[in-house]
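Let me begin by presenting the structure, written as structure tokens, before commenting on it.
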Amino acid sequence: MESCHDVRRRCGRVGGTKVMAEQLPRLAELNELDNVTIGALYLDKPHEIGRYDEAFTAIWGAALRQQDTQALLHQATRGAALVLTAGEWRAFEAGMQDGELKRP
6 MESCHDVRRR CGRVGGTKVM AEQLPRLAEL NELDNVTIGA LYLDKPHEIG
56 RYDEAFTAIW GAALRQQDTQ ALLHQATRGA ALVLTAGEWR AFEAGMQDGE
106 LKRP
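For what it's worth, the numbering used here labels the leading residue of the sequence shown as 6, then goes sequentially.
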């Protein structure tokens, strides 16, 4: 299982000063929301870094692959479906009109 250091090494530098500068207006906008707090967490002690590295590694290991995540999100956003035949729909409509539901 990859550690966060392995992932960062493999991915290279994330963003850069230009990307970070472009993100600042959005961060300022999000910071205005009541349910969002933006801050920084500076870790320099080995035991602190190790705990976050372990947490990241565990999350990374439990995460779905991108393709599987996309499939799960697609399935979840489709929601429940009620599928009726034409005869079942007519019976449903008739039942609603009569105040009762009838099966075909």
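Every residue, glycine too, gets a C-beta built ideally from N, C-alpha and C.
Where the alpha helix (DSSP H) through residue i begins and ends
i, result
"residue 32", "22-36"
"residue 45", "Unbroken run through residue 45: none, as it is neither H nor E."
"residue 103", "91-103"
Straight-line gap, residue i to residue j (C-alpha atoms, nearest Å)
i, j, result
"residue 87", "residue 73", "25 Å"
"residue 58", "residue 89", "51 Å"
Which of helix, strand or coil DSSP assigns to residue i
i, result
"residue 77", "helix"
"residue 70", "coil"
"residue 58", "helix"
Closest by C-alpha distance to residue i, when choosing among the options
i, options, result
"residue 46", "54, 71, 97", "54"
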